[in-house]
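Only one structure is covered here, and it is reproduced in the block below.
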Amino acid sequence: MVQSFIVKIIALLCFISLLSGCTAEKAADKPEGEHVVTVDVAPVLSTSISLKVTSDALLYPLQQASIIPKISAPVKKFYVDRGVRVRAGQLLAELENRDLTAAVAETQAAYEQAEANYQTVLRATGPEEAQKSEIDVRTAKEVMDQQQKLYESRQALYKEGAISQKDVNDAQVTLAQARNQHEIAQKHLETVQSVSREQTLKGAAAQRDAAKARFENAEAQLSYSRITSPIDGVVTDRPIFAGEMASNGAPMITLMDVSQVIARAHVSQDDAKHLKVGDAANLVLPDASALIPGKVSVISPALDPANTTVEVWVQAANPNGRLKPGTSVRAEMIAETVPSALVIPQNAVLTSSSGNTSVMVVDSENKPRRKPVTLGIRDGGNVQVSEGLASGERVVTIGAFELAKLDEEVFAKTKVQIQPPKEEEDEDEK
Numbered sequence: 000m001v002q003s004f005i006v007k008i009i010a011l012l013c014f015i016s017l018l019s020g021c022t023a024e025k026a027a028d029k030p031e032g033e034h035v036v037t038v039d040v041a042p043v044l045s046t047s048i049s050l051k052v053t054s055d056a057l058l059y060p061l062q063q064a065s066i067i068p069k070i071s072a073p074v075k076k077f078y079v080d081r082g083v084r085v086r087a088g089q090l091l092a093e094l095e096n097r098d099l100t101a102a103v104a105e106t107q108a109a110y111e112q113a114e115a116n117y118q119t120v121l122r123a124t125g126p127e128e129a130q131k132s133e134i135d136v137r138t139a140k141e142v143m144d145q146q147q148k149l150y151e152s153r154q155a156l157y158k159e160g161a162i163s164q165k166d167v168n169d170a171q172v173t174l175a176q177a178r179n180q181h182e183i184a185q186k187h188l189e190t191v192q193s194v195s196r197e198q199t200l201k202g203a204a205a206q207r208d209a210a211k212a213r214f215e216n217a218e219a220q221l222s223y224s225r226i227t228s229p230i231d232g233v234v235t236d237r238p239i240f241a242g243e244m245a246s247n248g249a250p251m252i253t254l255m256d257v258s259q260v261i262a263r264a265h266v267s268q269d270d271a272k273h274l275k276v277g278d279a280a281n282l283v284l285p286d287a288s289a290l291i292p293g294k295v296s297v298i299s300p301a302l303d304p305a306n307t308t309v310e311v312w313v314q315a316a317n318p319n320g321r322l323k324p325g326t327s328v329r330a331e332m333i334a335e336t337v338p339s340a341l342v343i344p345q346n347a348v349l350t351s352s353s354g355n356t357s358v359m360v361v362d363s364e365n366k367p368r369r370k371p372v373t374l375g376i377r378d379g380g381n382v383q384v385s386e387g388l389a390s391g392e393r394v395v396t397i398g399a400f401e402l403a404k405l406d407e408e409v410f411a412k413t414k415v416q417i418q419p420p421k422e423e424e425d426e427d428e429k
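83 is the number that numbering that gives the first Met the number 0 gives to position 84 of the sequence shown; each next residue is one higher, with no gaps.
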């Protein structure tokens, strides 16, 4: 037992001696006063980077129509049901319209009568009537002149005693009648000449136009009994059945066009100022099963007073109807893309209390050096460096904050030990 204990003591002393030798060897490799920090590094890459604006959104149909009849009447027949796809202009339903059909026939007859009356007046009120009146005046004047001569002749004969006073009186009465006829004819001519053709036709035209308006109104009322689709889409609701009363205050059919969908998102003012109509976008479904490509179609010019955000619409195709209105999605809008940018990981950036940004760069001798940088757009875990770095330089990612905490004297003597990439470590373990 004592011999076994002595063997263990000797083995322990050998191990301590070996450990001391290794430590001494490492100390000999490390220059006196040098400080070593283990870090991860990443190269500065020249690649494309995009500024993405991300927000939760709610899907809406491209178009929606709630069809409210313009007249109240029982439904005569429905031609569609829920789920049926329809085209713009397609007949969807008919309302009872026998009274409207009768009204059309009645007003049409009245309009045709007014039109015929107008044509009659149009033909009568012309040069022929004026010419006839002029002839009547001339004829009446000739008769009056003849009676005047006859009266004068009888007065002369009476003075000579050739005729009686009665003959003179009869001639005087006949002359008075002739003068009266001439006066009537003259006044009629003046009346015909004083009334223009347009004025004469005005009344007849007004009656015709009024009858036409009543006829067209009756036709319109009849057309309202035929319910047609205003859009291409799908019937999503039909709350009443044939025979029930369709009211002009309630929808009888609801249609949606879901060939495309609109994702309505609300983004901050700062994000909205980077966006423009036409920017590419993606819609991410709740299960993240696919990215649906789309484009920014609307950017509201005003803020939402409730939350001081800007409403942005993303329009996307929906050929198989997979996207359902009312679904919550995530909208990713690509506001800006820099094709050949210098890109580094976001965790390599150091930000001072004053807001200045810098990175730790490792040179060929593995010595760290702090360099101020100007940053550009961010995309996930990466950020663009617009000034301060060159492609291929190595920046510290994990360990940069530890280096930044060192005082100047220690930092000047510091070297970094670079961790191998994780892929290489995994291969070594295998």
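Each residue gets a CB set at the ideal place from its N, CA and C atoms; glycine is no exception.
The beta carbon of LEU156 sits closer than 7 angstroms to the beta carbons of ILE162 from its chain, once the five residues preceding and following it are set aside; these are given in chain order.
About 10 angstroms separates the Cβ atoms of ASP278 and LYS51, ruling out a contact at the 8 angstroms cut-off.
Shown here, THR350 sits in a strand according to DSSP, grouped into three states. Around the CB of GLU33, fewer than 16 other CB atoms lie within 10 Å, so the residue is classed as exposed.
Counting only runs of 3+ residues, the beta strand (DSSP E) found wholly inside the segment 164-252 occupies 225-227 and 232-236, in chain order. With a contact defined as Cβ atoms closer than 8 angstroms, ASN365 and ILE417 qualify at about 7 angstroms. Looking at the backbone, the Cα of THR307 and that of LYS272 are separated by about 14 angstroms. By the criterion of at least three beta-carbon pairs nearer than 8 angstroms, the segment 128-148 is not in contact with the segment 104-118.
The DSSP-derived three-state label of GLU310 is strand. By alpha-carbon distance to ILE333, the top candidate from ASN346, GLY354 and LYS294 is LYS294. For GLU401, no beta strand (DSSP E) segment is defined; the enclosing uninterrupted segment is the alpha helix (DSSP H) at 399-404.
Counting C-beta atoms within 10 angstroms of its own C-beta, ASP39 has 16 or more neighbours from the protein chains shown and is therefore classed as buried. Only buried fits VAL260, as 16 or more other CB atoms lie within 10 angstroms of its CB. Secondary-structure assignment with DSSP links LEU302 through a beta bridge to VAL309.
DSSP places TYR117 in the helix class (H, G or I) of the three-state scheme.
In the DSSP assignment, the residues bridged to ALA330 are SER54 and LEU282. By the beta-carbon neighbour count (other beta carbons within 10 angstroms, threshold 16), ALA287 is exposed.
Collapsing the DSSP output to three states places SER390 in coil.
The beta carbon of THR46 sits closer than 8 angstroms to those of SER339, ALA340 and VAL342, all from its chain and outside the five residues before and after it, given in chain order. Under the DSSP assignment, ASP269 falls outside any beta strand (DSSP E), being part of the alpha helix (DSSP H) whose first and last residues are 268-271.
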